[in-house]
Amino acid sequence: MKYRFFHSVLILLLMVFFTVTMEHGIQERSKASILSEAVCEEMNFREQYMPEKVFREIAREENMWEVFTVTMLKERFYPGQSDGESEVYKKYKKEEFYKLCNIYETIWGDVKCFPLPENRESFHKQFFYENTFGEERTYGGKRIHEGTDIFGKKNLAGYYPVISMTEGTVENIGWLPLGGYRIGIRAPRGAYFYYAHLSEYGREFSQGDKVKAGEILGYMGNSGYGEVGTTGKFPVHLHLGIYIKTPHYKELSVNPYWILKAHEKNIRKYTY
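Numbering (this note's numbering), first residue to last: 5 to 276.
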């Protein structure tokens, strides 16, 4: 009788153990299932939501981009706190995890400063912008807004210098019907930074020219929405776009808004 009893208890304990183990494994796999080849093409990812406080915490970590990626994944791309527990992702989706780490580093890793410097002689906030990424636009056909518009207190073309947020190489220069006078910089890690609606350029740029972070690219204006030289169809502002290559897109936009917020403390001061 005792043998049968202990045998039954042992079987029951083993069943409980295996059930708990299976449930734990299912939960882990469920957490890791968010990782896919095309996760970087989903709108939640493209939003790049990252509160400045959380970004500052992550930036102190030695393995910053792993912590950054885990923080995003744990809260489905809308984090409230940092998290560096990466084991479950490495266990079940190691390749996808490290690819996503590289993508986040590509987007964020080269940024050194805010794209507009403050005037040393001013003691008031000079720029304002809102999160309008994804909002509908109609000029040239129905589309979404693929960047962030930054306005100055003065609605004056040619007054505010626009500087490069990164080091990089000039990839595109000149007129676009939508963007007006624009310049596109390819950063070292591969992201493309697009500065549009300029009134003029900081110097004579050519494709292939090297630029430094903080270098003046041009001046904020209101060019675009028409033939070469068209101005005045909207208020003076800088349109900033950030683009990356993904598995299914040669060029896909991500939201610059949270990157700008994270770098407001890195606004440089120039005299103008």
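Beta carbons: idealized from backbone N, C-alpha and C, even for Gly.
Comparing alpha-carbon positions, which option in the options lies nearest residue i?
i	options	result
I148	N159, S40, N135	N135
F137	I248, A36, P165, H243	H243
R207	I246, G178, G233	G178
Y143	K237, K254, P251	K237
E231	G184, D213, V115, C44	G184
G212	I189, Y198, G88, R193	I189
N176	E139, Y198, N67	Y198
Y276	P121, K116, G84, V115	P121
Y205	T234, T235, G162, P239	G162
F127	K157, E41, K98	K157
L77	P239, K35, T250	K35
M68	Y102, T235, E41	Y102
K98	E41, R124, E125, T234	E41
So, using beta-carbon positions, are residue i and residue j closer together than 8 angstroms?
i	j	result
A195	E171	no
V166	V215	no
L160	I187	no
N259	E46	no
F155	I271	no
I107	I248	yes
S210	G225	no
H241	H201	yes
S168	G218	yes
E70	C105	yes
Y82	Y53	yes
E79	L39	no
R277	G113	Outside the shown range of the chain, which is 5 to 276, sits residue 277, and nothing can be said about it.
L182	Y229	yes
V43	F49	yes
I263	V115	yes
Y261	T152	yes
Under 8 angstroms by Cβ, that's how I've got residue i and residue j pegged, so tell me the actual separation to the nearest angstrom.
i	j	result
Y223	Y164	6 angstroms
S37	E61	Wrong, their Cβ atoms sit about 26 angstroms apart, outside the cutoff.
K146	E139	That belief does not hold up - the Cβ atoms of K146 and E139 are roughly 12 angstroms apart, past 8 angstroms.
F265	E56	The question names Phe, but residue 265 in the sequence shown is Lys. That pair is a contact at about 5 angstroms.
Unbroken stretches of the alpha helix (DSSP H), 4 residues or longer, contained in the region 88-165
Segments of the alpha helix (DSSP H) lying fully in the region 88-165: 91-112.
Any chance the region 114-133 sits against the region 92-103, with 3 or more Cβ pairs inside 8 angstroms?
no
Run through the region 177-236 for me and flag every whole beta strand (DSSP E) of 3 or more residues, listed as ranges in chain order.
184-190, 196-205, 220-224
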